[in-house]
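K.L.:
Quick note: the sequence shown uses this note's numbering, first residue 40, plus one each step.
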Amino acid sequence: MGNDQLEELRDQLDNVNLQLVELINERARLAQEIGRVKSAQGLNRFDPVRERKMLDLIAANNRGPFETSTLQHIFKQIFKASLELQEDDHRKALLVSRKKHPDNTIVKVNQETVGDGKQRLIAGPCSVESYEQVEEVAKALKKQGVKFLRGGAFKPRTSPYDFQGLGEEGLKILKDVGQKYNLAVISEIVSPHDIEMALQYVDVIQIGARNMQNFELLKAAGSVDKPVLLKRGLSATIEEFINAAEYIHSKGNGNIMLCERGIRTYEKATRNTLDISAVPILKQETHLPVWVDVTHSTGRRDLLLPTAKAALAIGADGVMAEVHPDPAVALSDSAQQMDIPQFEEFITNLADSGLYNKENVAITK
Ligand code: PEP
Ligand code: MN
Numbered sequence: 040m041g042n043d044q045l046e047e048l049r050d051q052l053d054n055v056n057l058q059l060v061e062l063i064n065e066r067a068r069l070a071q072e073i074g075r076v077k078s079a080q081g082l083n084r085f086d087p088v089r090e091r092k093m094l095d096l097i098a099a100n101n102r103g104p105f106e107t108s109t110l111q112h113i114f115k116q117i118f119k120a121s122l123e124l125q126e127d128d129h130r131k132a133l134l135v136s137r138k139k140h141p142d143n144t145i146v147k148v149n150q151e152t153v154g155d156g157k158q159r160l161i162a163g164p165c166s167v168e169s170y171e172q173v174e175e176v177a178k179a180l181k182k183q184g185v186k187f188l189r190g191g192a193f194k195p196r197t198s199p200y201d202f203q204g205l206g207e208e209g210l211k212i213l214k215d216v217g218q219k220y221n222l223a224v225i226s227e228i229v230s231p232h233d234i235e236m237a238l239q240y241v242d243v244i245q246i247g248a249r250n251m252q253n254f255e256l257l258k259a260a261g262s263v264d265k266p267v268l269l270k271r272g273l274s275a276t277i278e279e280f281i282n283a284a285e286y287i288h289s290k291g292n293g294n295i296m297l298c299e300r301g302i303r304t305y306e307k308a309t310r311n312t313l314d315i316s317a318v319p320i321l322k323q324e325t326h327l328p329v330w331v332d333v334t335h336s337t338g339r340r341d342l343l344l345p346t347a348k349a350a351l352a353i354g355a356d357g358v359m360a361e362v363h364p365d366p367a368v369a370l371s372d373s374a375q376q377m378d379i380p381q382f383e384e385f386i387t388n389l390a391d392s393g394l395y396n397k398e399n400v401a402i403t404k
């Protein structure tokens, strides 16, 4: 008899649960609809005044046995879940998301491609210092089959008294050397006002870590027809990184490549902490090519090869590393750049590992 009663009560409870599921989903549908109306009107989805009114209405109508504070706690969770549901809808719709565009984006840079399964390298000095310096590196790249030459002309330095770069003159050097050796050139632009000027010199606009959330710069880079290499901010979450890419895409330029370059943590053994798991996350969440900058993430020459191997093994489309003819006298990042023999050894070891092909034929992982 007792057992029958228990079963009966349990049946009733199951029934109520099912009704709650119906009701809670009905509520979610209404919240989504409200979200769409608000979005069309440009209104913020989160509305604390409205939430307060709903909680007051619940309090005024509560006849127990739950305490009002308990109900309010439960409803707060429901409000939060509804808000997240609306955000999820939004995330699904991001132009850079894989949900929106399942196929890999293949970025064309001159006659080269990135994101099609070939492992690539970007190499070059931290800063452009002179024509001869860049040319010496370019010769080494050419010899090793590397197609992308980097060099900083506008350097966003931590101290205003450090070398700030040669500016437009540096871009001109890069372009001249790039043309002479048939290399695609990449350089960082730090101001939205310089984007137009840079178009005549560079093949890829780099947006550096310190500018990942410089929204005017992102919008300016998004408004031109030139591939963009976007580096992850010093303390940016992956979500913030993806949204920064979305800023560029939203202005019309979909030729975006992401670059993990280490994030700031408490660890002091390396300059930054290379967030290696960001690579597969970015590959899953977005359709964009993903690079790993082993120089700025580690700040240590002895870690360039193992981290480059890790990057390629985990699915990065390419690796960026700094190379200088004489790092000891470099005007920036002198401790971490490779000299030319070290670079040749680096690339040989990388090729020997089977993770990188000097001829840039896709390696099946
Ligand atoms: C760079 O690549 O030259 C550079 C300054 O790196 P980051 O913006 O990642 O610090
Ligand atoms: Mn550097």
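Idealized CB from N, CA, C, for every residue including glycine. Predicted model, so just to flag it, every value in this text is computed and none were measured.
#1: Taking the straight line between their C-alpha atoms, what separation do you get for alanine 132 and valine 176?
#2: According to DSSP, is lysine 211 part of a helix, a strand, or is it coil?
#3: Is the beta carbon of valine 267 less than 8 Å from the beta carbon of isoleucine 302?
#4: Return yes when the C-beta of threonine 334 is under 7 Å from any heavy atom of the ligand MN, and no when it is not.
#5: Considering only the alpha carbon of each residue, which of Asn292, Asp86, Ala349, Met93 lies closest to aspartate 314?
#6: From glycine 357 to leucine 180, what distance separates their C-alpha atoms?
#7: Quick one: grab the DSSP three-state call for alanine 360.
#8: Going by beta carbon distance, what residues of the same chain come within less than 6 Å of lysine 290, once the five residues before and after it are set aside?
#9: What do you reckon, is the C-beta of aspartate 372 under 7 Å from a heavy atom of the ligand MN?
#10: Any chance you could list the alpha helix (DSSP H) runs of at least 4 consecutive residues sitting entirely within the segment 304-343, in chain order?
#11: Closest by CA to lysine 214, which one among Tyr200, Ala237, Asp95, His112?
#12: Does the distance from the CB of glutamine 125 to the CB of glutamine 51 come in under 8 Å?
#13: Measuring alpha carbon to alpha carbon, tell me which of Leu122, Glu123, Ile97, Gln381 ends up nearest histidine 112.
#14: So what's glutamine 150 in DSSP terms, helix, strand or just coil?
#15: Which runs of the alpha helix (DSSP H) spanning at least 4 residues fall entirely within the segment 155-233, listed in chain order?
#16: Which residue's Cα is closest to the Cα of valine 362: Leu210, Val185, Gly41?
#17: Sorted by chain position, which residues of the same chain lie with C-beta nearer than 7 Å to lysine 322's C-beta, five sequence neighbours on each side aside?
#18: For the ligand GDP, is there a heavy atom less than 7 Å away from the beta-carbon of tyrosine 200?
#19: Aspartate 306 to valine 318, Cα distance in whole Å?
#20: Measure the Cβ-Cβ separation of leucine 222 and phenylalanine 187 and say whether it is below 8 Å.
#21: Taking 8 Å as the cut-off, decide whether the C-beta atoms of isoleucine 212 and valine 173 are in contact.
#22: Rounded to a whole number of angstroms, what is the C-alpha to C-alpha distance between alanine 390 and aspartate 86?
#23: Give me the Cα-Cα distance between glutamate 384 and serine 78, rounded to the nearest whole angstrom.
P.N.:
Put simply:
#1: 42 Å
#2: helix
#3: no
#4: yes
#5: Ala349
#6: 15 Å
#7: When DSSP states are grouped into helix, strand and coil, alanine 360 belongs to the strand group.
#8: Lys258, Gly261, Ser262
#9: Using a cutoff of 7 Å, the CB of aspartate 372 counts as near the ligand MN, since one of the ligand's heavy atoms is closer than that.
#10: 317-324, 333-337
#11: Ala237
#12: no
#13: Ile97
#14: coil
#15: 170-183, 207-220
#16: Val185
#17: Val329, Gly354, listed in sequence order.
#18: Ligands present in the displayed structure are limited to the ligand PEP and the ligand MN, and the ligand GDP is not among them.
#19: For the record, residue 306 in the displayed sequence is glutamate; it is not aspartate. Near 20 Å, if we compare the C-alpha coordinates of valine 318 and glutamate 306.
#20: yes
#21: yes
#22: 56 Å
#23: 55 Å
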